[in-house]
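Some notes on the structure that comes next.
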Amino acid sequence: MKALILRDLRLAIRAGGGFGLGLAFFLIVIVLVPFGVGPEAAVLRRIAPGILWVAALLAALLSLDRIFALDHEDGSLPLLATAPLPLESVALAKAIAHWITTGLPLTLAAPGLGFLLNLSPAAYPWLFGGLALGTPALSLIGTFGAALTVGLRRGGLLLSLLVLPLYVPILIFGAEAARRGGDGLEATVPLVFLGGIALGTLALMPFAAALVLRINLR
Amino acid sequence: MSIWEYANPKKFVETTTPLLPWTFGLAGLCLVGGLIWGFFFTPDDYRQGATVKIIYLHVPSALMAINAWLMMLVASLIWLVRRHHVSALAARAAAPVGVTMTLVALVTGAIWGQPMWGTWWAWDPRLTSFLILFLFYLGYMALWEAIADPDTAADLTSVLCIVGSVFALLSRYAVNFWNQGLHQGASLSLDAEKNVADIFYYPLLACIAGFVLLFIALVLMRTRTEIRVRRIRALELRARRAEART
Chain B
1 MKALILRDLR LAIRAGGGFG LGLAFFLIVI VLVPFGVGPE AAVLRRIAPG
51 ILWVAALLAA LLSLDRIFAL DHEDGSLPLL ATAPLPLESV ALAKAIAHWI
101 TTGLPLTLAA PGLGFLLNLS PAAYPWLFGG LALGTPALSL IGTFGAALTV
151 GLRRGGLLLS LLVLPLYVPI LIFGAEAARR GGDGLEATVP LVFLGGIALG
201 TLALMPFAAA LVLRINLR
Chain X
219 MSIWEYANPK KFVETTTPLL PWTFGLAGLC LVGGLIWGFF FTPDDYRQGA
269 TVKIIYLHVP SALMAINAWL MMLVASLIWL VRRHHVSALA ARAAAPVGVT
319 MTLVALVTGA IWGQPMWGTW WAWDPRLTSF LILFLFYLGY MALWEAIADP
369 DTAADLTSVL CIVGSVFALL SRYAVNFWNQ GLHQGASLSL DAEKNVADIF
419 YYPLLACIAG FVLLFIALVL MRTRTEIRVR RIRALELRAR RAEART
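Quick mapping for you: the protein sequence lines, in order, are chains B and X.
The opening residue of the first sequence carries number 1 in my numbering; numbering runs sequentially from there.
The opening residue of the second sequence carries number 219 in my numbering; numbering runs sequentially from there.
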């Protein structure tokens with residue numbers, strides 16, 4: 001499994017892997033927001049947690065179809081399915097690789113970009129914690145979605161339509177945690193829910209993704 | 219004589235053929251009767267005036283929107299476990315009916331909300347949950363359309379329905395957490411104490427019965443259509459294969 005993760009990481013970092021693209025997209029969306037809503041600092045401070053979360057969601061979404069696309073194109077997906085490693089572990093390895101290349105950089109960059117949106121200082125740790133718990137769940141759900149649409153032409157748009165409603169609870173709890181933390185309130189409750197969702201998806205999504213991959217590989 | 223006999227498409231179509239006009243007729247009777255009763259023969263509410271009458275459309279459609287998804291969930295499970303094509307096609311058939319019910323609920327809710335709350339839309343937990351449910355329906359229907367092989371499509375959409383149900387439930391509670399909301403609490407229950415006043419209750423029951431029967435009739439009709447579409451496809455394939463051989 002480690003070999004699979006390392007392979008995916010190497011592929012992502014090399015040619016056209018899109019390693020930095022998620023991060024760049026994140027930055028661009030954050031920069032666009034003040035142009036859209038106006039530069040007033042108070043307004044930006046209020047919407048900053050939500051915008052950072054939505055941008056993180058979209059950035060994670062963009063790189064989802066790459067999870068299985070390359071393997072599907074060069075025919076290695078059936079090989080992975082018949083390998084000694086269980087398909088569930090393959091799906092988990094793919095999700096981990098996706099998180100390391102997309103979710104982790106986003107989590108690390110978000111506090112850095114928070115100052116662009118005048119994020120209130122108290123919110124930073126809650127934002128970071130929320131993203132640290134939420135982005136693995138995003139990757140896991142995204143892997144399931146990618147498995148559903150593997151091999152479809154125009155699968156990207158359908159993938160967004162399928163996956164974004166599944167992302168809603170994570171967005172709600174994450175943004176709520178950052179908002180409450182920013183207002184100086186206690187925000188452990190949403191974080192605990194996020195942790196629950198992260199653990200739940202960790203337990204269940206690899207099985208769902210593997211089931212769907214097997215259906216698609218028939 | 220068990221319910222699984224109706225998994226045979228031929229028996230399903232044979233049995234529903236005489237049943238369908240009666241179901242539609244009964245649905246029409248309950249709906250028209252209930253709506254006329256509710257709109258014209260009940261007094262205006264002392265607080266909400268005549269606009270409360272939209273409850274006769276809003277509540278049944280909202281109930282059916284949820285129940286349609288639950289029916290799709292059960293049908294999906296039956297397909298995954300027992301591989302009855304009729305079940306998968308019934309789930310496929312129910313989706314557009316469900317999405318329309320959701321839309322009716324959202325629109326009638328907005329029409330009710332404008333005079334009541336002064337706004338067409340509010341990010342209230344129930345409204346938001348319905349909007350999310352609407353998106354789940356759209357995704358489900360889109361996935362059916364996107365995949366060429368019918369059996370693969372049935373399998374994938376079944377898994378999506380199951381995973382979607384878990385997340386829909388999760389979203390419901392997340393949204394409750396996110397916003398305490400304007401929508402009134404449960405005012406309709408089998409416990410008579412908490413009910414909307416009796417004089418509104420009975421026409422409402424009639425409308426609910428009408429919507430349930432309408433849902434059943436529409437899904438039966440659409441499932442029959444899906445079965446026929448599959449038959450046509452099989453016939454075409456057979457014809458093409460026969461041509462290819464000669």
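Beta carbons are placed, not taken as given, at the ideal position from N, Cα and C, and that holds for glycine.
X:228 is the residue among X:419, X:220 and X:228 whose C-alpha sits nearest the C-alpha of residue 444 of chain X. The DSSP-derived three-state label of residue 129 of chain B is helix.
Ranked by Cα distance from residue 168 of chain B, the options X:361, X:353 and X:332 are led by X:353. Distance from the CA of residue 86 of chain B to the CA of residue 458 of chain X, rounded to the nearest whole angstrom, comes to 40 Å. Residue 153 of chain B carries a coil assignment under DSSP once its states are collapsed to helix, strand and coil. Inter-residue distance for residue 26 of chain B and residue 325 of chain X is about 35 Å (C-alpha atoms, whole angstroms). Unbroken alpha helix (DSSP H) runs of no fewer than 4 residues, entirely contained in the region 285-373 of chain X, are found at 303-335 and 343-364, following chain order. The Cβ atoms of residue 453 of chain X and residue 148 of chain B do not sit closer than 8 Å to each other. For residue 25 of chain B, the enclosing alpha helix (DSSP H) begins and ends at 21-37.
Three or more Cβ pairs drawn from the region 358-377 of chain X and the region 295-312 of chain X lie within less than 8 Å of each other, which places the two stretches in contact.
For residue 150 of chain B, no chain X residue has a C-beta closer than 9 Å to its own C-beta; the minimum C-beta separation is roughly 10 Å. Taking 8 Å as the CB threshold, residue 144 of chain B lines the interface with chain X.
Interface annotation, residue 316 of chain X: not in contact with chain B, CB-CB separation never under 8 Å.
Here residue 74 of chain B is exposed, its C-beta having fewer than 16 other C-beta atoms within 10 Å. Interface criterion met: the Cβ of residue 364 of chain X is under 8 Å from a Cβ in chain B. For residue 439 of chain X, the three-state secondary structure derived from DSSP is helix.
Under the 10 Å beta carbon count, residue 146 of chain B is surrounded by 16 or more other beta carbons and is classified as buried.
Across the set X:384, X:281, X:232 and X:451, the C-alpha of X:281 shows the shortest separation from the C-alpha of residue 423 of chain X. If you draw a straight line from the Cα of residue 140 of chain B to the Cα of residue 125 of chain B, it is about 23 Å long.
At a C-beta separation below 7 Å, residue 46 of chain B has no neighbours in chain X, since its nearest C-beta there lies roughly 15 Å away. Of all alpha-carbon atoms in B:195, B:127 and B:215, the one lying nearest the alpha-carbon of residue 179 of chain B is that of B:127.
Under the 10 Å beta carbon count, residue 290 of chain X is surrounded by 16 or more other beta carbons and is classified as buried.
Contact between the region 25-40 of chain B and the region 51-60 of chain B is present, with at least three C-beta pairs closer than 8 Å. Exposed is the label assigned to residue 188 of chain B, since fewer than 16 other Cβ atoms lie within 10 Å of its Cβ. Among the residues of the region 169-183 of chain B, those with a Cβ less than 7 Å away from any Cβ of chain X are 169, 172, 173 and 176, in the order of the chain. Residue 311 of chain X and residue 355 of chain X do not touch by the CB rule: their CB atoms are close to 13 Å apart, not below 8 Å.
For residue 51 of chain B, the nearest beta carbon of chain X is not closer than 8 Å to its own beta carbon. In this structure, residue 221 of chain X lies away from residue 294 of chain X, with their beta-carbon atoms at least 8 Å apart.
Taking a C-beta cut-off of 9 Å against chain X, the contacting residues of the region 192-210 of chain B are 193, 197, 200, 204, 205 and 208, listed in chain order.
The alpha-carbon of residue 376 of chain X is positioned some 12 Å away from that of residue 300 of chain X. Residue 162 of chain B is positioned such that its CB atom lies no closer than 8 Å to that of residue 298 of chain X. Taking C-alpha positions only, residue 159 of chain B is separated from residue 7 of chain B by approximately 24 Å. Each of X:455, X:439 and X:254 was checked against the Cα of residue 231 of chain X, and the nearest Cα belongs to X:439.
In terms of Cβ geometry, residue 4 of chain B and residue 69 of chain B do not form a close pair [threshold 8 Å]. Around residue 7 of chain B, no beta-carbon contact reaches into chain X at under 7 Å, the shortest distance being about 27 Å.
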